[in-house]
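As given, the protein sequences belong to chains U and Y, one line each in that order. Take 26 as the starting number for the first sequence in the working numbering and just add one per residue. Take 26 as the starting number for the second sequence in the working numbering and just add one per residue. Backbone N, C-alpha and C define an ideal beta-carbon position, used for all residues, glycine too. Shown next, in structure tokens, is the structure this report addresses.
Number of protein chains: 2
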Amino acid sequence: MTTAVRKVQNRNQARLLRLLRDRGPLSRAELTDAVTLSKSKVAVELDRLTAAGLVQDAGQAASRGGRPSSLVRLWDGLRFAGIDVGATSINVAITDGGLTTLAQRQGDIDVSQGPEVVLRAASQMVRDLRAETGTESLAGIGAGVPGPVSFSEGFSVVPPIMPGWDKYPVRDRLSEEFDCPALLDNDVNIMAVGEFHAGAARGIGTFMFVKLGTGVGAGIFVDGHVHRGVDGSAGDIGHIQVHDQGPVCACGNIGCLEAFFSGAALRRDAVLAAQEGRSPFLAARLAERGALDVLDVADAATAGDPVVIAMIREGGRHIGEVLAKLVSFFNPGMIVIGGGLSNLGGTLLAELRGTIYRRSLPLATRNLPVVMSELGDSAGVLGAVRMISDHVFSHDPALRMADVRELA
Amino acid sequence: MTTAVRKVQNRNQARLLRLLRDRGPLSRAELTDAVTLSKSKVAVELDRLTAAGLVQDAGQAASRGGRPSSLVRLWDGLRFAGIDVGATSINVAITDGGLTTLAQRQGDIDVSQGPEVVLRAASQMVRDLRAETGTESLAGIGAGVPGPVSFSEGFSVVPPIMPGWDKYPVRDRLSEEFDCPALLDNDVNIMAVGEFHAGAARGIGTFMFVKLGTGVGAGIFVDGHVHRGVDGSAGDIGHIQVHDQGPVCACGNIGCLEAFFSGAALRRDAVLAAQEGRSPFLAARLAERGALDVLDVADAATAGDPVVIAMIREGGRHIGEVLAKLVSFFNPGMIVIGGGLSNLGGTLLAELRGTIYRRSLPLATRNLPVVMSELGDSAGVLGAVRMISDHVFSHDPALRMADVRELA
DNA sequence: AAACTTTTCCCACTTACTGGTCGAAGTCGC
DNA sequence: GCGACTTCGACCAGTAAGTGGGAAAAGTTT
């Protein structure tokens, strides 16, 4: 363990680090090819990175007919932590520098208990995982929480159903406690980052991630970057009004999208269908277990229960109608569906696709894949570590998008 | 007139040129302060720009208590042309390097006559304006046409009601004819650029421009850049379905937003109200002139005609309901309303604001101005020249956003 | 006219990076 | 086993970009 300043000094070092993160150990020659720099320059920067303890030697590669390359890789002890706080659960992972998960843990929480309680639980989980993986120090922590987040300030802003979280300095608390850089974002955004990094949207710079969970939200990628909007509330589509009348939403309004279809709405409708005897399958399950969740509904659909299937189709149609409008507006290259309700599988996906393709312009949908999340529950933590590693593996964190774009 | 290579050689020259464009003549000292470069470097680059014929001396400034500055400005003979093709009209302007309009001309066309006819008319107008302003050569041409455009390829793609335009190489034709760089974009996008450059959205990097004209469309700005979407169809909100039933749209579908409210829809409804005797004001106008347009409707509203006012309010509500959904999704910093229907004035704006504020989340609307276009008919041509001047005043046009962003 | 202010020109110096050369370290053919 | 060939990495001189100090230039103020 070096005690050197573990800091990226320039743009070239940042590029090299991200190459090593994304492509694994590479030789100096391969790195020279990948970045447009001379071998001398690459060698110099690698020496500096090695001295800074960010990079290390990785032995010899097999010869390709000449002198064998000596491989270079990210420092073996580099560790990132990701924290994905949901409404009722928390997911924590520790990865190495290449963002391979070394250990992961899930726990039940109630986000309404406030930031102190939740952060205490999260910290404990991180500490446990550190012990488990023999992690001495963390290079960075990424975290996501439900509801609108001020990314630049690192805290939640007026979260609807999360008392005590408003302006609570989550990012700075994490940064202090673990003595490393930290970033906080909306949970849907980090899931979108996850799918972009290692999931269905790999290489698709402009896409929408739609989370159908307890609530409904979207993560928006524009040219490889999260679009957060001016107040950090972009993607907040759960409370779009889809009807004048309809069920009352948790937010107090009437006709919100997530009052028609979401984890909460589906549970409500499922229990009703069971109690009213419209779905024998769900009635049996309810009697058996005393409650119903998304998996019960999915099972009922698989078993061919017509009422349940109709329920899913109607919900999918509501979501699809909103997405169709957003597709016309935004013209994304892909839509990724995630969150708990993605367990509803093919029935839901078919309805979504049908509605979106039927209601949007042909030009905007002719190349528009609508697919399920590839990462499932891990999308959030993976996105969180990707987000913080992008940050750590960048030159001057102060020099951000806005400034760089101006140059072009 | 120099015959030197009039070409920007590096990023610093690009920055200097844009400074001179946006802030007018400046002294070397002021330029040094504005860019973060040493005075020596600024002097060297200015010399090169002068040699390239892009920049020239502009005499002495008044002394501020010491040696007076010698001012530098863009070459006096720099000229940009902007072409804004609408469904029924065409607008052309020639500006100097600082994007001040030197001459402007408007003409009536029918875009359905095809690109050959329209481009011939446009070229003639540009030639007329060149003669009028004594312009020897153009430094660049920006143009906008209705419907989806492939920006990178420089032509329209599957435009709904524009036979013959599909894949017709508009950009390259202009570039060849006038022997200068040219860019082609969607007409709504260039209007948005215009409002960003010199209109209501000055300094607001993330906003929506909504054109309510013959059709309905939106221009989307994200962090100071136009968002065109993966197929160039972003902002195509006119055919969003707002109802299961309703008037048949020109696109063949039912319930499209612009079938409910647009220039075409309003004319239709106005004539109907006149013929059915519901609006005495419009009936009189129709009898008097044989036809009705937006200005007649505006006059009727000003005169207090209750049926017309209700008509505008209902239309505004339809637009507002769609915008409210998009605001929740996109979280812009401003909405600018333009196009012919903005002549409807306060009645329309009030209804839009009311609907948007009522139906979107408080967080996304608490800082959301909804304002009328400041540039009116000139937004398009001004945006077009701004677009092409950004292009000409940039280093390597090949090195574009995607690449630059990757560095950060 | 002297003192002061501000700008511009000039030049030595640093920094970032390039690209060629050469030895090191392997494989391959015989 | 040895020389020819290939590939890699270290070294180093050279270059382009940019910095920053100093002096001259060209005004104003006293």
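Name the one or two DSSP bridge partners that residue 281 of chain Y has.
The count along the second sequence starts at 1 and reaches residue 281 of chain Y at position 256. According to DSSP, residue 281 of chain Y bridges with Y:266.
Beta carbon of residue 170 of chain Y nearer than 9 Å to that of residue 212 of chain Y
As a position in the second sequence, residue 170 of chain Y is number 145, starting the count at 1. As a position in the second sequence, residue 212 of chain Y is number 187, starting the count at 1. It is a contact, given that the beta carbons lie within the stated cut-off.
Proximal residues of chain U, C-beta to C-beta of residue 252 of chain Y below 9 Å:
The residue labelled residue 252 of chain Y in the question sits at position 227 within the second sequence. Under the 9 Å cutoff, chain U gives 231, 247, 248, 252, 355, 356.
Closer than 8 Å between beta carbons: that is the criterion. Which residues of the region 378 to 401 of chain U meet it against chain Y?
384, 386, 387, 388, 389, 391, 392
Beta-carbon proximity check, residue 396 of chain U vs residue 381 of chain U, cutoff 9 Å:
Residue numbering aside, residue 396 of chain U sits at position 371 when the first sequence is read from its first letter. Residue numbering aside, residue 381 of chain U sits at position 356 when the first sequence is read from its first letter. Taking 9 Å as the Cβ cut-off, residue 396 of chain U and residue 381 of chain U do not qualify as a contacting pair.
Rounded to whole angstroms, what is the Cα-Cα separation between residue 285 of chain U and residue 392 of chain Y?
As a working mapping, residue 285 of chain U is identified with position 260 in the first sequence. As a working mapping, residue 392 of chain Y is identified with position 367 in the second sequence. For residue 285 of chain U and residue 392 of chain Y, the distance between alpha carbons rounds to 29 Å.
Tell me which residue opens and which closes the beta strand (DSSP E) that residue 130 of chain Y is part of.
Indexing the second sequence from 1 puts residue 130 of chain Y at position 105. Segment 126 to 133, the beta strand (DSSP E) holding residue 130 of chain Y.
Can you tell me whether residue 331 of chain U is buried or exposed, with buried defined as 16 or more other CB within 10 angstroms of its CB?
As a working mapping, residue 331 of chain U is identified with position 306 in the first sequence. So residue 331 of chain U counts as exposed.
Looking only at its chain, what residues have a beta carbon closer than 6 Å to the beta carbon of residue 239 of chain Y, apart from the 5 residues adjacent to it on each side?
Along the second sequence, one-based indexing puts residue 239 of chain Y at 214. Excluding sequence neighbours, residue 239 of chain Y sits near 112, 288, 289.
Does the region 333 to 349 of chain Y come within contact of the region 262 to 273 of chain Y, defined as at least 3 CB pairs closer than 8 Å?
yes
Under the rule that 16 or more other beta-carbon atoms within 10 Å means buried, what is residue 133 of chain U, buried or exposed?
For the purposes of this step, residue 133 of chain U is identified with residue 108 of the first sequence, where counting begins at 1. With fewer than 16 other Cβ atoms within 10 Å, it is exposed.
Any beta carbon of chain U sitting closer than 9 Å to that of residue 206 of chain Y?
Looking up residue 206 of chain Y in the second sequence gives position 181. Taking Cβ atoms only, chain U never reaches closer than 9 Å to residue 206 of chain Y, which makes this a no.
So, does the CB of residue 351 of chain Y fall closer than 9 Å to a CB anywhere in chain U?
Along the second sequence, read from residue 1 onward, the residue named residue 351 of chain Y stands at position 326. Output row for residue 351 of chain Y: interface = yes.
Backbone CA spacing between residue 129 of chain U and residue 116 of chain U [nearest angstrom]:
Working through the first sequence from its first residue, we reach residue 129 of chain U at position 104. Working through the first sequence from its first residue, we reach residue 116 of chain U at position 91. Cα-Cα distance, rounded: 7 Å.
For residue 261 of chain Y, which residues in chain U fall below 8 Å Cβ to Cβ?
For the purposes of this step, residue 261 of chain Y is taken as the residue at position 236 of the second sequence. By Cβ distance, chain U contributes 353, 354, 356, 386, 388, 389.
Applying the criterion that 16 or more other CB atoms from any shown protein chain within 10 Å of the CB defines a buried residue, is residue 309 of chain U buried or exposed?
To locate residue 309 of chain U, count along the first sequence from 1; it is residue 284. Its Cβ having fewer than 16 others within 10 Å, residue 309 of chain U is exposed.
Interface residues of chain U around residue 256 of chain Y at Cβ under 8 Å?
Numbered from its first residue, the second sequence carries residue 256 of chain Y at position 231. 356, 388, 389, 391, 392, listed in chain order.
Starting from residue 222 of chain U, find everything on chain Y with Cβ-Cβ shorter than 8 Å and list it in chain order.
Translated into the one-based positions of the first sequence, residue 222 of chain U becomes position 197. Under the 8 Å cutoff, chain Y gives no residues; its nearest Cβ is about 15 Å from residue 222 of chain U.
Give a yes or no on whether the minimum CB-CB distance between residue 339 of chain U and chain Y is below 9 Å.
The residue you call residue 339 of chain U lines up with position 314 of the first sequence. So no, residue 339 of chain U is outside the interface.
Separation of residue 61 of chain Y from residue 144 of chain U, as counted between CA atoms:
Walking along the first sequence from the start, residue 144 of chain U turns up at place 119. Walking along the second sequence from the start, residue 61 of chain Y turns up at place 36. About 42 Å.
Please report the Cβ distance between residue 219 of chain Y and residue 405 of chain Y, rounded to the nearest whole angstrom; I am assuming they are in contact, meaning their Cβ atoms lie under 8 Å.
For this step, residue 219 of chain Y is matched to residue 194 along the second sequence. For this step, residue 405 of chain Y is matched to residue 380 along the second sequence. Confirmed, Cβ separation roughly 6 Å.
Nearest to residue 207 of chain Y (by Cα), restricted to the options Y:105, Y:348, Y:32:
Taking the first residue of the second sequence as position 1, residue 207 of chain Y is located at position 182. It is Y:105 whose Cα lies nearest to the Cα of residue 207 of chain Y.
Can you check whether the CB of residue 363 of chain U is closer than 9 Å to the CB of residue 398 of chain U?
Taking the first residue of the first sequence as position 1, residue 398 of chain U is located at position 373. Taking the first residue of the first sequence as position 1, residue 363 of chain U is located at position 338. Cβ atoms of residue 398 of chain U and residue 363 of chain U: closer than 9 Å.
List the residues of chain U that residue 264 of chain Y touches, going by C-beta distances under 9 Å, in chain order.
Taking the second sequence and counting its residues from 1, one reaches residue 264 of chain Y at position 239. Near residue 264 of chain Y (Cβ distances below 9 Å), the residues of chain U are 353, 385, 386.
With 9 Å as the C-beta to C-beta threshold (strictly closer), list the residues of the region 150 to 184 of chain Y near chain U in chain order.
173, 182, 183
Nearest candidate by alpha-carbon position, reference residue 258 of chain Y, set U:127, U:45, U:51, U:353:
Reading the second sequence from its first residue, position 233 is the one you call residue 258 of chain Y. Of the candidates U:127, U:45, U:51, U:353, the one whose C-alpha sits nearest the C-alpha of residue 258 of chain Y is U:353.
Can you check DSSP and say which residues form a bridge with residue 98 of chain Y?
For the purposes of this step, residue 98 of chain Y is taken as residue 73 along the second sequence, with counting starting at 1. DSSP, once it has assigned bridges, lists Y:81 as partnering residue 98 of chain Y.
Name, please, each residue of chain U whose Cβ falls closer than 7 Å to the Cβ of residue 77 of chain Y.
Numbered from its first residue, the second sequence carries residue 77 of chain Y at position 52. Within 7 Å Cβ-Cβ: nothing; residue 77 of chain Y doesn't reach chain U, min ~20 Å.
Judging by CA-CA distance, which residue of Y:137, Y:325, Y:291, Y:109 is the nearest neighbour of residue 209 of chain Y?
To locate residue 209 of chain Y, count along the second sequence from 1; it is residue 184. Out of Y:137, Y:325, Y:291, Y:109, Y:109 has the C-alpha closest to the C-alpha of residue 209 of chain Y.
Give the DSSP-derived three-state secondary structure of residue 32 of chain U in the structure shown.
As a working mapping, residue 32 of chain U is identified with position 7 in the first sequence. Residue 32 of chain U: coil per DSSP, three-state reduction.
Can the beta-carbon of residue 217 of chain Y be found closer than 9 Å to that of residue 361 of chain Y?
Against the second sequence, residue 217 of chain Y aligns to sequence position 192. Against the second sequence, residue 361 of chain Y aligns to sequence position 336. It is a contact, given that the beta carbons lie within the stated cut-off.
For the beta strand (DSSP E) containing residue 207 of chain Y, name the first residue and the last one.
Sequence index remark: in the second sequence, residue 207 of chain Y carries index 182 (1-based). Here the beta strand (DSSP E) through residue 207 of chain Y covers 207 to 211.
Expressed to the nearest angstrom, what Euclidean distance is found between the alpha-carbon atoms of residue 448 of chain U and residue 324 of chain U?
Because chain U is modelled from 26 through 433, residue 448 of chain U falls outside the range shown and cannot be assessed.
Within 9 Å, strictly: CB atoms of residue 410 of chain Y and residue 76 of chain Y
Counting from 1 along the second sequence, the entry for residue 410 of chain Y is found at position 385. Counting from 1 along the second sequence, the entry for residue 76 of chain Y is found at position 51. No. Outside cutoff.
Here's the rule I'm using: 16 or more other beta-carbon atoms within 10 Å means buried, otherwise exposed. How should residue 72 of chain Y be labelled?
Reading the second sequence from its first residue, position 47 is the one you call residue 72 of chain Y. With fewer than 16 other Cβ atoms within 10 Å, it is exposed.
Rounded to a whole number of angstroms, what is the C-alpha to C-alpha distance between residue 7 of chain U and residue 226 of chain Y?
For chain U, the structure presents residues 26 to 433; residue 7 of chain U sits outside this window and is missing.
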